[in-house]
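Chemist: In UniProt numbering, the protein residues as written are 11 to 372.
Idealized CB from N, CA, C, for every residue including glycine.
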Amino acid sequence: KEWCRSIPKIELHAHLNGCIRDSTLLELAKVLGEKGIINFADVEHVIRKCGRSLSECFQLFDLFHILATDHGTISRITKEVVEDFAADEVVYLELRTTPKNNETKGMTKRSYMKAVIDGLRSVDALNVSFSNSSERTENISSSTQNNYANCMERKTIHIRLLLSIDRRETTIAAMETVCLALELREFGVVGIDLSGNPIVGEWKTFLPALKYAKEQGLSVTLHCGEVSNKKEIQEMLDFVPERIGHACFLDKDDWEKARVLQIPVEICLTSNLRTERLSTIDLHHFANLHKGNHPLVLCTDDTGLFSTTLSNEYYLAAATFGLDQKDVLRLATNAIEFVFGGSEVKKALRGIFGDSARKLAE
Ligand code: 5GP
Numbered sequence: 011k012e013w014c015r016s017i018p019k020i021e022l023h024a025h026l027n028g029c030i031r032d033s034t035l036l037e038l039a040k041v042l043g044e045k046g047i048i049n050f051a052d053v054e055h056v057i058r059k060c061g062r063s064l065s066e067c068f069q070l071f072d073l074f075h076i077l078a079t080d081h082g083t084i085s086r087i088t089k090e091v092v093e094d095f096a097a098d099e100v101v102y103l104e105l106r107t108t109p110k111n112n113e114t115k116g117m118t119k120r121s122y123m124k125a126v127i128d129g130l131r132s133v134d135a136l137n138v139s140f141s142n143s144s145e146r147t148e149n150i151s152s153s154t155q156n157n158y159a160n161c162m163e164r165k166t167i168h169i170r171l172l173l174s175i176d177r178r179e180t181t182i183a184a185m186e187t188v189c190l191a192l193e194l195r196e197f198g199v200v201g202i203d204l205s206g207n208p209i210v211g212e213w214k215t216f217l218p219a220l221k222y223a224k225e226q227g228l229s230v231t232l233h234c235g236e237v238s239n240k241k242e243i244q245e246m247l248d249f250v251p252e253r254i255g256h257a258c259f260l261d262k263d264d265w266e267k268a269r270v271l272q273i274p275v276e277i278c279l280t281s282n283l284r285t286e287r288l289s290t291i292d293l294h295h296f297a298n299l300h301k302g303n304h305p306l307v308l309c310t311d312d313t314g315l316f317s318t319t320l321s322n323e324y325y326l327a328a329a330t331f332g333l334d335q336k337d338v339l340r341l342a343t344n345a346i347e348f349v350f351g352g353s354e355v356k357k358a359l360r361g362i363f364g365d366s367a368r369k370l371a372e
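1. Examine the ligand 5GP and report whether any of its heavy atoms sits within less than 7 Å of the Cβ of glycine 235.
2. Closer than 7 Å: is that where the CB of histidine 25 sits relative to any heavy atom of the ligand 5GP?
3. Given the structure, does proline 208 come close to the ligand 5GP, in the sense that its CB is under 7 Å from one of the ligand's heavy atoms?
4. In this structure, what does DSSP give as the bridge partners for arginine 106?
5. I want to check one thing, is the minimum distance from the CB of aspartate 32 to the heavy atoms of the ligand 5GP below 7 Å?
6. Candidates Ala367, Glu372 and Ala371: which alpha carbon is nearest residue 3's?
7. Using 7 Å as the cut-off, classify the Cβ of glycine 28 as near or not near the heavy atoms of the ligand 5GP, replying yes or no.
8. May I ask you to report which of helix, strand or coil DSSP gives glutamate 212?
9. Helix, strand or coil for serine 366 per DSSP?
10. Any idea if valine 92 is buried or exposed, counting beta-carbon neighbours within 10 angstroms, 16 or more meaning buried?
11. Find out if the Cβ-Cβ distance for the pair leucine 232, glycine 255 is shorter than 8 Å.
12. For glutamate 148, which three-state DSSP category applies?
13. Leucine 172 and glycine 201: beta carbons closer than 8 Å?
14. Should the region 15-31 be regarded as contacting the region 99-119, the criterion being three or more beta carbon pairs within less than 8 Å?
15. Starting from the N-terminal side, write out each stretch of the alpha helix (DSSP H) that is 4 residues or longer and does not extend beyond the region 312-364.
16. Taking 7 Å as the cut-off, is the CB of aspartate 264 close to at least one heavy atom of the ligand 5GP?
17. What does DSSP give as the partner residues of glutamate 276 in its beta bridges?
18. Between valine 355 and the rest of its own chain, which residues show a CB-CB distance below 6 Å, the 5 nearest in sequence each way excluded?
19. Please report the straight-line C-alpha distance between asparagine 112 and aspartate 334, rounded to a whole angstrom.
20. Around the Cβ of asparagine 322, are there at least 16 other Cβ atoms within 10 angstroms (buried) or fewer (exposed)?
21. Output the boundary residues of the beta strand (DSSP E) element that contains serine 139.
22. Skipping 5 residues on each side, what residues in its chain have a beta carbon closer than 7 Å to that of lysine 115?
23. Can you look up threonine 180 in the DSSP assignment and give me helix, strand or coil?
24. Tell me whether phenylalanine 71, by its Cβ, gets closer than 7 Å to a heavy atom of the ligand COA.
25. Near glutamine 155, what residues of its chain come up, given a Cβ to Cβ distance below 8 Å and the 5 sequence neighbours on each side ignored?
26. Which residues mark the beginning and the end of the beta strand (DSSP E) in which serine 205 is found?
27. Taking all protein chains shown into account, decide if threonine 290 is buried (16 or more other Cβ within 10 angstroms of its Cβ) or exposed.
28. Output the boundary residues of the beta strand (DSSP E) element that contains threonine 231.
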């Protein structure tokens, strides 16, 4: 377990509001409880509950969105999530979040994203590299004036952002998110995700915005096959997204299509188990994909919601499917090819993983 923690890792499927620390959620709930906005006792019970069904998870997301609605809180959560991933030796994090309008808080999708970016900038214990255009370390400049040596000693985490379209949204709202993503490219936004309750909404609602994103050079990943929906799964694969998430309900023909197209799959073991999409972990499609050398990457989905870490996901895969250290490091290294960041960041990652492979061989 400690070894899985110690190796560098790449996280490509993490939802910001699903990764909030429990301690932060409880603190926020307490404040709202004192103000009489919520009943703290009810909320405490929900936050502390282990093992939730998929529908309970979506109820909890609605609660998260009540708790974390002001700009300051969004920045704070972002900072904490980045710190937590870095502490788990994640060297590249693609963090996804749904830009939200909230009139009562004076929040627009744009100001929500500004709060996220402010959160990235406020991380001071690490070097956070999220600038897309020039691969420079964003927060080095302010610290260099103070303590250059200190800055060189600190860990670096590379971050890119994906903007999520929620399946509750309209075509126009989805298009707004894509336009915002295009506007924010210089702040590390590299792509679009389609997520939200899989039994809500229709593929054709989101297709125009997703097509536009693709045309404009944004990368697209889709939550695909979280529930059984043959028609939608086929339509999603025909769209040829650059990655798909979960893929729990693909049948033989769908997998053949995914194989021919070589679409990488974001695998979230604990999430799939907790939301009861399979009865036991050893039945997970990871086994077949790994055996067949299908491109895949282990991810957490929601570290807070599912009380997991990326190193825990690697450990779980190793323990369940009998992977040795070499297999695990190969799996972690393969993820470099599936990141949406550009060639510069891939080069930096190859250097980091190359060092780890050399250490393992010694
Ligand atoms: P946010 O986008 O607010 O930062 O993160 C929480 C949101 O991510 C949820 O409201 C939901 O739309 C999406 N999300 C998180 N986990 C899952 C998941 O397992 N499946 C799907 N489809 N969406 C998810």
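Modeler: Taking the geometry as given:
1. For the ligand 5GP, not one heavy atom lies less than 7 Å from the Cβ of glycine 235.
2. Indeed, a heavy atom of the ligand 5GP lies less than 7 Å from the Cβ.
3. Yes, Cβ of proline 208 sits closer than 7 Å to a heavy atom of the ligand 5GP.
4. Checking the DSSP bridge columns, you'll see arginine 106 partnered with His25 and Leu172.
5. No; taking the cut-off as 7 Å, the Cβ of aspartate 32 has no heavy atom of the ligand 5GP nearer than that.
6. Not covered by the structure: residue 3. The range shown for the chain is 11 to 372.
7. Under cutoff, so the answer is yes.
8. For glutamate 212, the three-state secondary structure derived from DSSP is coil.
9. DSSP places serine 366 in helix when its eight states are reduced to three.
10. Counting the other CB atoms within 10 Å of its CB gives valine 92 a total of 16 or more, which places it among the buried residues.
11. Against a cut-off of 8 Å, the Cβ pair of glycine 255 and leucine 232 comes out as a contact.
12. In this predicted model, glutamate 148 has a pLDDT of only 47, less than 50, meaning its place in the structure is not dependable; the value taken from the coordinates is given anyway. Per DSSP, reduced to three states, the secondary structure at glutamate 148 is coil, with no helix or strand assignment.
13. Taking the C-beta atoms as reference points, glycine 201 is found nearer than 8 Å to leucine 172.
14. Result yes; three or more Cβ-Cβ pairs closer than 8 Å.
15. With a minimum length of 4 residues, the continuous alpha helix (DSSP H) runs that stay inside the region 312-364 are 320-331 and 335-344.
16. No, the ligand 5GP has no heavy atom inside 7 Å of this Cβ.
17. For glutamate 276, which the question treats as bridged, DSSP gives the partners Gly255 and Val307.
18. In its chain, beyond the 5 residues on either side, His168 have a beta carbon closer than 6 Å to the beta carbon of valine 355.
19. Spanning the two alpha carbons is a distance of roughly 48 Å.
20. Buried.
21. Run containing serine 139: 137-139, per the beta strand (DSSP E) assignment.
22. Excluding sequence neighbours, lysine 115 sits near Thr79 and Asp80.
23. Secondary structure of threonine 180 (DSSP, three-state): coil.
24. This structure does not include the ligand COA; its bound ligands are the ligand 5GP.
25. Confidence in glutamine 155 is poor, its pLDDT being 47 and thus under 50, which makes the residue's placement unreliable; the coordinate value appears in the next sentence. Here the set comprises nothing.
26. Residues 199-205.
27. Label assigned to threonine 290: exposed.
28. Where threonine 231 is concerned, the enclosing beta strand (DSSP E) stretches over 229-234.
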